[in-house]
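A.B. asks: I have a structure I would like to understand better, so I am pasting it below and will then ask my questions one at a time.
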Amino acid sequence: AYVAQKLGIPASVCVPEWVDPVKLEGIKRDGAEAVLVGSTFDEAESHAFELSERTGRTYISAYDDPWVIAGQGTIALEILGQLGESPAAILSPLSGGGLLGGIASVFAERTGDERCRTVGVSAEKAAVMLASVKAGHPVELAEEKTLASALAGGIGLNNQHSFKLIKDLVREHVTVTEEQISDAMRYCATALRLVVEGGGAVAIAAVQSGTWEPTEVRDGPLVILLSGGNVAAETLASVLT
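Here is the structure:
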């Protein structure tokens, strides 16, 4: 929505009917049309594809578009630039795989796969990519309500890019519970003074809870990626009490 506004291009963003009001406001603020469809992200994504087919407009996947993946991979370039070296490990939220797929691609290309241990952190109730990696092919799972709503939804049975990147380049996977996500959001707010949504807090939840420990990791910097602060005031209040 933001980029489309900057380029003067009309954009429609398809989201489930229950989407977080903060995210809905952000879409509208950036000048895009918010299309509320169905009860799941998969239904919204399917409608977006049908809309593009019917109108001739370009469909852009949030996680399986090579340009989106490349753009998200620039985070790794920033990390390398700031550290001046490859981190020993990086923990990142994992959903459709575009974010971590892009990051892992850069580290594999720039530093070699063995230098940086890439760890995908999924919400226990939104672990479709992890299930797909275990199965060896994209699978579908029923969507569950989770604090990490940004990580909900499938990866597409016809996934063209992100699944292979995650399968080939991500060396470790962990999942975190709703309680651990809530604790991490509270920690970010009270100790770090950062407002982080559930989906963005799963990586720090994995470390804080001890779900992930740096075993078999070389000495060096550890990077924990916090991604997203689109959380409703009521949701944030509920985890702070």
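FYI, in my numbering the residues of the sequence shown are 7 to 247.
Backbone N, C-alpha and C define an ideal beta-carbon position, used for all residues, glycine too.
Note that the structure is predicted; figures quoted are calculated from it, not measured.
What does a CB cutoff of less than 7 Å around ALA238 pick up in its chain, not counting 5 residues either side in sequence?
C.D. replies: ASP26, PRO27, VAL28
A.B. asks: Could you tell me which uninterrupted beta strand (DSSP E) segments, each at least 3 residues in length, are contained entirely in the segment 174-230, listed from first to last along the chain?
C.D. replies: 178-182, 228-230
A.B. asks: Let me check understanding here. Comparing Cα to Cα, which of HIS179, PRO227, PRO99, ALA114 lies closest to LEU136?
C.D. replies: HIS179
A.B. asks: From VAL176 to HIS167, what distance separates their C-alpha atoms?
C.D. replies: 14 Å
A.B. asks: Following the continuous beta strand (DSSP E) through THR124, name the residue where it begins and the one where it ends.
C.D. replies: 123-129
A.B. asks: Quick one: what does DSSP say SER18 is sitting in, helix, strand or coil?
C.D. replies: In the three-state DSSP reduction, SER18 falls in the strand class (E or B).
A.B. asks: Given the structure, does GLY160 come close to the ligand SAH, in the sense that its CB is under 7 Å from one of the ligand's heavy atoms?
C.D. replies: Questions concerning the ligand SAH fall outside what the structure shown contains, since it holds no ligand whatsoever.
A.B. asks: Since VAL41 sits in a beta bridge, which residues does DSSP pair it with?
C.D. replies: CYS20
A.B. asks: Straight-line CA distance for ALA129 to LYS12?
C.D. replies: When rounded, the distance between both Cα atoms is 33 Å.
A.B. asks: So, using beta-carbon positions, are GLY262 and GLY216 closer together than 8 Å?
C.D. replies: An answer regarding residue 262 cannot be provided, because it is not within the stretch 7 to 247 covered by the chain.
A.B. asks: Given a threshold of 16 other Cβ atoms within 10 Å of its Cβ, counted over all protein chains shown, does SER101 qualify as buried or as exposed?
C.D. replies: buried
A.B. asks: Verify whether the separation of the beta carbon atoms of SER111 and GLY79 is less than 8 Å.
C.D. replies: A contact, by the Cβ cut-off of 8 Å.
A.B. asks: Can you give the beta carbon distance from PRO220 to ALA114, rounded, assuming they're within the 8 Å contact cut?
C.D. replies: Not really, about 20 Å apart at Cβ, beyond 8 Å.
A.B. asks: Closest by CA to ASP48, which one among ASP36, ASP174, LEU157?
C.D. replies: Closest by alpha carbon: LEU157.
A.B. asks: On the DSSP letters alone, give me the boundaries of the alpha helix (DSSP H) that SER244 sits inside.
C.D. replies: 239-246
A.B. asks: Do VAL139 and ALA209 have their CB atoms nearer than 8 Å?
C.D. replies: no
A.B. asks: Quick check on ILE96: does DSSP put it in helix, strand or coil?
C.D. replies: strand
A.B. asks: By the 10 Å Cβ neighbour count, where 16 or more other Cβ atoms means buried, how is LEU242 classified, buried or exposed?
C.D. replies: By the neighbour-count rule (16 or more Cβ atoms within 10 Å), LEU242 is buried.
A.B. asks: To the nearest angstrom, report how far apart ILE304 and LEU246 are at their CA atoms.
C.D. replies: Limits of the chain in this structure are 7 at one end and 247 at the other, which puts residue 304 out of reach.
A.B. asks: In the DSSP output, what is ALA132 paired with across the bridge?
C.D. replies: ALA129
A.B. asks: Please look up how many angstroms separate the CB atoms of GLY104 and TYR69, rounded, as I've assumed it's under 8 Å.
C.D. replies: Right, the Cβ-Cβ distance comes to about 4 Å (below 8 Å), so this counts as a contact.
A.B. asks: Just reading off the alpha helix (DSSP H) that GLY107 is part of, what are its end residues?
C.D. replies: 104-116
A.B. asks: Whole angstroms are fine: how far does the CA of ALA54 sit from the CA of GLU222?
C.D. replies: 43 Å
A.B. asks: By a C-beta neighbour count over all protein chains shown, 10 Å radius and 16 as the cutoff for buried, is GLN214 buried or exposed?
C.D. replies: Classification for GLN214: buried.
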